[in-house]
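Numbering (my numbering), first residue to last: 4 to 132. Here's the structure, in C-alpha coordinates; my notes come after.
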(Lines of atoms letter the chains of each structure in order from A and count residues from 1; the text may use other names and numbers.)
(Lines give C-alpha, C1' and ligand atoms only; values in the text may rest on other atoms or scores of the structure.)
Protein backbone atom coordinates (compact mmCIF):
# COMPACT_ATOMS: atom_id res chain seq x y z
CA UNK A 1 0.00 0.00 0.00
CA UNK A 2 1.30 3.46 -0.86
CA UNK A 3 1.89 6.20 1.62
CA UNK A 4 0.45 9.55 0.58
CA UNK A 5 3.96 10.96 0.08
CA UNK A 6 4.90 8.24 -2.41
CA UNK A 7 1.69 8.38 -4.47
CA UNK A 8 2.14 8.77 -8.19
CA UNK A 9 -0.16 11.67 -9.12
CA UNK A 10 0.84 13.05 -12.54
CA UNK A 11 0.37 16.84 -12.65
CA UNK A 12 -1.08 16.80 -16.19
CA UNK A 13 -4.12 14.74 -15.14
CA UNK A 14 -7.35 15.85 -13.51
CA UNK A 15 -8.76 13.93 -10.52
CA UNK A 16 -12.14 13.32 -8.91
CA UNK A 17 -13.14 12.94 -5.27
CA UNK A 18 -14.15 9.36 -6.18
CA UNK A 19 -10.55 8.43 -7.04
CA UNK A 20 -10.61 8.57 -10.83
CA UNK A 21 -8.17 10.34 -13.09
CA UNK A 22 -9.02 12.08 -16.39
CA UNK A 23 -6.67 12.85 -19.30
CA UNK A 24 -7.69 14.95 -22.30
CA UNK A 25 -7.05 13.10 -25.58
CA UNK A 26 -8.10 15.29 -28.51
CA UNK A 27 -11.91 15.57 -28.40
CA UNK A 28 -12.10 12.63 -26.00
CA UNK A 29 -11.02 11.96 -22.42
CA UNK A 30 -9.39 8.82 -21.05
CA UNK A 31 -10.26 7.74 -17.51
CA UNK A 32 -9.05 5.24 -14.95
CA UNK A 33 -8.63 4.81 -11.21
CA UNK A 34 -5.88 6.60 -9.33
CA UNK A 35 -2.73 5.16 -7.82
CA UNK A 36 -4.31 5.71 -4.39
CA UNK A 37 -7.42 3.71 -5.37
CA UNK A 38 -5.53 0.76 -6.84
CA UNK A 39 -3.29 0.70 -3.76
CA UNK A 40 -6.30 0.62 -1.44
CA UNK A 41 -7.98 -2.13 -3.45
CA UNK A 42 -4.94 -4.40 -3.61
CA UNK A 43 -4.68 -7.06 -6.29
CA UNK A 44 -7.36 -6.41 -8.90
CA UNK A 45 -9.03 -9.59 -10.13
CA UNK A 46 -11.77 -8.30 -12.44
CA UNK A 47 -12.90 -5.05 -14.05
CA UNK A 48 -16.48 -4.73 -15.34
CA UNK A 49 -16.75 -1.91 -17.90
CA UNK A 50 -19.49 -0.83 -20.33
CA UNK A 51 -19.35 -1.33 -24.08
CA UNK A 52 -18.71 1.43 -26.61
CA UNK A 53 -21.89 3.39 -27.30
CA UNK A 54 -23.10 3.40 -23.68
CA UNK A 55 -23.93 6.88 -22.35
CA UNK A 56 -23.69 8.10 -18.78
CA UNK A 57 -24.35 11.23 -16.78
CA UNK A 58 -21.71 12.74 -14.56
CA UNK A 59 -21.39 10.72 -11.33
CA UNK A 60 -23.42 7.77 -12.73
CA UNK A 61 -22.11 4.33 -11.78
CA UNK A 62 -20.52 2.85 -14.90
CA UNK A 63 -18.81 -0.31 -13.71
CA UNK A 64 -17.01 -2.12 -10.92
CA UNK A 65 -13.52 -3.16 -9.90
CA UNK A 66 -13.18 -6.42 -7.99
CA UNK A 67 -10.14 -7.13 -5.83
CA UNK A 68 -9.24 -9.70 -3.20
CA UNK A 69 -10.62 -7.25 -0.62
CA UNK A 70 -13.86 -5.88 -2.12
CA UNK A 71 -15.98 -4.95 -5.12
CA UNK A 72 -15.95 -1.18 -5.67
CA UNK A 73 -18.29 0.79 -7.91
CA UNK A 74 -16.86 3.21 -10.46
CA UNK A 75 -18.50 6.61 -11.02
CA UNK A 76 -18.33 8.57 -14.26
CA UNK A 77 -16.27 11.76 -13.88
CA UNK A 78 -18.00 13.46 -16.82
CA UNK A 79 -21.22 12.99 -18.77
CA UNK A 80 -20.68 11.44 -22.17
CA UNK A 81 -20.57 8.42 -24.43
CA UNK A 82 -18.13 5.54 -24.17
CA UNK A 83 -15.96 5.41 -27.29
CA UNK A 84 -13.76 2.52 -26.20
CA UNK A 85 -13.06 0.34 -23.20
CA UNK A 86 -9.67 -1.13 -22.45
CA UNK A 87 -10.19 -4.69 -23.67
CA UNK A 88 -6.77 -5.72 -22.32
CA UNK A 89 -8.20 -5.51 -18.79
CA UNK A 90 -10.51 -8.46 -19.50
CA UNK A 91 -7.55 -10.83 -19.79
CA UNK A 92 -5.20 -8.97 -17.45
CA UNK A 93 -7.01 -6.80 -14.86
CA UNK A 94 -3.77 -6.45 -12.85
CA UNK A 95 -2.61 -3.94 -15.50
CA UNK A 96 -4.46 -1.44 -13.29
CA UNK A 97 -2.15 -2.32 -10.39
CA UNK A 98 1.01 -2.23 -12.52
CA UNK A 99 0.38 1.11 -14.25
CA UNK A 100 -3.01 2.69 -13.63
CA UNK A 101 -2.13 5.77 -15.73
CA UNK A 102 -0.90 3.99 -18.88
CA UNK A 103 -1.88 0.44 -19.89
CA UNK A 104 -4.28 0.25 -16.91
CA UNK A 105 -6.63 2.94 -18.30
CA UNK A 106 -10.31 1.98 -18.33
CA UNK A 107 -12.46 4.01 -20.73
CA UNK A 108 -12.18 6.55 -23.53
CA UNK A 109 -15.18 8.90 -23.40
CA UNK A 110 -16.63 11.51 -25.76
CA UNK A 111 -17.68 14.08 -23.11
CA UNK A 112 -20.89 16.08 -23.47
CA UNK A 113 -19.75 18.61 -20.86
CA UNK A 114 -16.55 20.01 -19.41
CA UNK A 115 -15.59 18.00 -16.34
CA UNK A 116 -14.96 19.69 -13.00
CA UNK A 117 -11.72 18.16 -11.80
CA UNK A 118 -9.21 18.49 -9.00
CA UNK A 119 -5.54 19.22 -9.62
CA UNK A 120 -2.98 16.69 -8.35
CA UNK A 121 -2.28 18.99 -5.37
CA UNK A 122 -6.00 19.37 -4.58
CA UNK A 123 -6.54 15.61 -4.79
CA UNK A 124 -3.53 14.90 -2.55
CA UNK A 125 -4.85 17.50 -0.09
CA UNK A 126 -8.25 15.77 -0.04
CA UNK A 127 -6.57 12.44 0.74
CA UNK A 128 -4.62 13.99 3.60
CA UNK A 129 -7.75 15.66 5.01
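The C-beta atom is built at its ideal place from N, Cα and C for all residues, glycine as well.
Where does residue i fall in DSSP's three states?
i	result
residue 42	helix
residue 90	coil
residue 75	strand
residue 10	coil
residue 128	helix
residue 81	coil
How long is the line joining the alpha carbons of residue i and residue j, rounded to whole angstroms?
i	j	result
residue 19	residue 129	10 angstroms
residue 110	residue 131	27 angstroms
residue 32	residue 40	19 angstroms
residue 127	residue 36	14 angstroms
Based on the DSSP secondary-structure assignment, which residues constitute the bridge partners of residue i?
i	result
residue 16	Residue 16 is not bridged to any residue.
residue 26	33
residue 70	47
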